[in-house]
Amino acid sequence: MEIEISKEAKTNRDAYQAMQAQMELDHFGKCVLMHNGEIVGIYDTSSDAYAVGCEKFGLGEFTTELVGQKPMHLGIFTLCLPQK
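Residues 152 to 235, numbered by this note's numbering, are exactly what the sequence shown covers, in order.
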């Protein structure tokens, strides 16, 4: 079974990868909140970034990146993300 990544997630991931080296120098260990390919906030914890993302944009309309850490695979929970 192939899992399709949402357009929002792909846009944000591509944007983050383009600035990853600088982010790791400036914000290592922080959590970045992204929407529409742009950083909209930098937080101390992923739970803070997630809460703000849900409140501002709604579930499935943002992503978070842990600066300096490999992306987390959600496994089966990826299927719970809304598809557009």
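The beta carbon of each residue, even a glycine, is placed where N, CA and C say it ideally should be. The structure displayed is predicted, hence computed values, not measured ones.
Residue i - partner residues in DSSP beta bridges
| i | result |
| --- | --- |
| TYR194 | CYS182 |
| LEU217 | CYS182 |
Limits of the unbroken beta strand (DSSP E) element including residue i
| i | result |
| --- | --- |
| LEU210 | Counting along the chain, LEU210 falls outside any beta strand (DSSP E), and DSSP gives it neither H nor E. |
Proximity of residue i and residue j at Cβ, strictly below 7 Å
| i | j | result |
| --- | --- | --- |
| ALA200 | LEU210 | no |
| ALA160 | THR214 | yes |
| VAL218 | HIS186 | no |
| ILE190 | LYS181 | no |
| ALA166 | GLY188 | yes |
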